[in-house]
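Offset between the sequence shown (1-based) and our numbering: plus 293.
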Amino acid sequence: MTVSGVILTLLLCAAAGLTLYRILRGPAVLDRVIATDVLLAVVVAAIAAEAALSRDATALPVLVVLSILGFVGSVSVARLGSSTAEPDTAASAAAAQSDTDPAALNVPAHGGRS
């Protein structure tokens with residue numbers, strides 16, 4: 294194994310270790326879920342690095358499946374994690390207009406001089 298391979302292995306092991314710590318000690322469930330997604334990304338990076346160092350492309354289907362799994366997991370966590378409902382576009386547009394409209398704030402348009 295080359296020096297770059299050893300350095301890469303050490304960095305990936307450190308990333309996996311810190312991610313496992315966050316999975317085990319995360320204060321919230323969302324922290325643990327995100328850490329699991331990061332761990333999946335570290336595993337994908339490790340498999341890709343091994344495939345690149347050994348010049349073997351047989352792990353490519355595994356990388357594709359794991360990447361799709363990570364994407365679907367991230368999207369589902371993002372959808373479930375956002376607990377706010379979609380705002381009403383007409384109501385939010387009216388609120389934005391009243392915030393910037395000088396007439397709605399009872400401020401003269403010419404700077405306040407009579």
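No residue lacks a Cβ here, since even glycine has one placed at the ideal position from N, Cα and C.
Here the structure is a predicted model, which means the values were calculated and not measured.
What separation, rounded to the nearest whole angstrom, lies between the Cα atoms of Gly298 and Val336?
-> Straight across, the Cα-Cα distance linking Gly298 with Val336 is about 15 Å.
By DSSP, does Ser375 sit in helix, in strand, or in coil?
-> Residue state, collapsed to three classes: coil.
Less than 8 Å between the CB atoms is what I'm expecting for Ala309 and Leu332, so what's the real figure, rounded?
-> In this structure Ala309 touches Leu332 by the C-beta definition: roughly 6 Å separates them, less than 8 Å.
Looking only at C-alpha atoms, which of Glu343, Val326, Thr302 and Ile340 sits nearest to Ala371?
-> Closest by alpha carbon: Val326.
Measuring alpha carbon to alpha carbon, tell me which of Leu301, Asp324 and Thr302 ends up nearest Thr312.
-> Of Leu301, Asp324 and Thr302, the smallest CA-CA separation from Thr312 is found for Asp324.
Going straight from the alpha carbon of Leu362 to that of Arg348, what length do you get?
-> C-alpha of Leu362 to C-alpha of Arg348: approximately 24 Å in a straight line.
Proximal residues to Ala341 (C-beta, below 7 Å), its chain only, five neighbours per side dropped = Closer than 7 Å at Cβ, skipping near neighbours: Leu356.
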